[in-house]
Amino acid sequence: MDLANQRILITGGTRGIGLAIAKAMAAEGAQIAITGRREADLTKSADEIGGDVVERLGGVDILINNAGIQFNYSFFDRSYAYIASDIDTEMTVNFDAPVTLATALLPHMAEREKPANVNVSSGLGVGPKADAPIYCASKAGLRNFTRALRYQAETQAPHMKVVDVILPLVNTDMTMGRGSGKIEPSDVAQQIISGLTKGQDEIWVGKARLLKTLMRVAPNRAYKILRR
Ligand SMILES: NC(=O)c1ccc[n+]([C@@H]2O[C@H](COP(=O)([O-])OP(=O)(O)OC[C@H]3O[C@@H](n4cnc5c(N)ncnc54)[C@H](OP(=O)(O)O)[C@@H]3O)[C@@H](O)[C@H]2O)c1
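Okay, structure coming up:
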């Protein structure tokens, strides 16, 4: 897939992986629009992305659902009301938003020459960890949603790519203070671009590729590693 002059909407483009994707794709000649909640962050990131940032897209060729949030909690040691608010936020940002954007944009994107809907999921959508049950469920749901959309596209918009990105631990605000051996967001961005260029339906990034293999040959071992 050639990204030059493609109009790309990236949710959560203010920092972390989204910002890295935006910068890397802008460098390939794409026109980028990013979303975020704070105007100051958006302005700063737009300056960093540079190049072809557009204020009004006037259409979307590629939608990248990247915005995400993870809370850690136990269903056993907090009041339900407190957890319920975190659950709502996680499901809204990680799952409902990609579904809503697909509803609004896919019929229009199907009229483009080379459209793609890229959903950023996680190894934790393949197997869960104990302290983030809803995050993991939202990413597992996103993976299944993405696959079903791909089935629909195959018959109803065969020129559209519907892509699932499965990430390992990445060095961003989301993982600050935890984990080791993290991959940098800039590496993630390059691997996503490489996967899109090759036309892959699923882009398993970095160590997530090992997870894919382990899930096939020793799933119980994979679940044990992930649950920590
Ligand atoms: N980091 C990892 O190890 C890792 C691993 C697997 C998958 N992922 C996935 O990769 C994606 C990017 O993660 P990241 O590590 O780059 O995270 P990050 O550095 O924490 O950035 C999160 C982005 O999502 C946006 N966002 C968060 N909460 C939001 C909300 N309530 N409404 C709207 N936007 C919101 C943020 O925008 P604001 O500027 O408005 O806050 C920010 O741009 C996520 O989908 C995440 O689940 C990450």
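Heads up: the sequence shown runs through residues 29 to 256, numbered per the working numbering. Backbone N, C-alpha and C fix where the C-beta goes; we use that ideal spot for every residue, glycine too. Small disclaimer: the values here were computed from a predicted structure and weren't measured.
Identified DSSP bridge partners for residue i
i    : result
K235 : For K235, which the question treats as bridged, DSSP gives no partner whatsoever.
N93  : N147
Q59  : R35
L195 : S150
Per-residue burial, residue i [other beta carbons within 10 Å of its own, 16 or more giving buried]
i    : result
Q184 : exposed
A181 : buried
K51  : buried
M53  : buried
S208 : exposed
S113 : exposed
P213 : buried
G205 : exposed
Option nearest residue i by Cα separation, candidates the options
i    : options                   : result
I36  : V146, A132, E139 and S113 : V146
D116 : F104, I97 and L133        : I97
T39  : G153, L195, D30 and I49   : I49
R178 : G207, G209, A138 and G64  : A138
R25  : V154, Q219 and R43        : Residue 25 lies beyond the residue range present for the chain, which begins at 29 and ends at 256; the question has no answer from this structure.
G223 : I111, R140, R43 and A144  : A144
L47  : A250, N199 and V190       : N199
T128 : D114, L91 and Y101        : L91
V233 : I220, L31, A250 and Y101  : I220
F280 : D229, M202 and M29        : Nothing in the structure corresponds to residue 280, since the chain is present only between 29 and 256.
A176 : F104, K142 and D229       : D229
A132 : A109, I111, V88 and K210  : V88
L197 : R43, Q34, T225 and S150   : S150
7 Å Cβ cutoff, residue i in contact with chain C
i    : result
E182 : Looking at the structure shown, chain C is missing, and only one protein chain is on hand.
Could you pull out every unbroken alpha helix (DSSP H) segment of at least 4 residues lying fully inside the segment 109 to 166, listed in chain order? 125 to 137
Do the segment 156 to 169 and the segment 56 to 69 make contact, defined as three or more Cβ pairs closer than 8 Å?
-> no
query: For the segment 65 to 76 against the segment 120 to 130, are there 3 or more C-beta pairs whose distance is under 8 Å?
result: no
Taking 8 Å as the threshold, find out whether the segment 233 to 251 comes into contact with the segment 161 to 180 through three or more Cβ pairs. no
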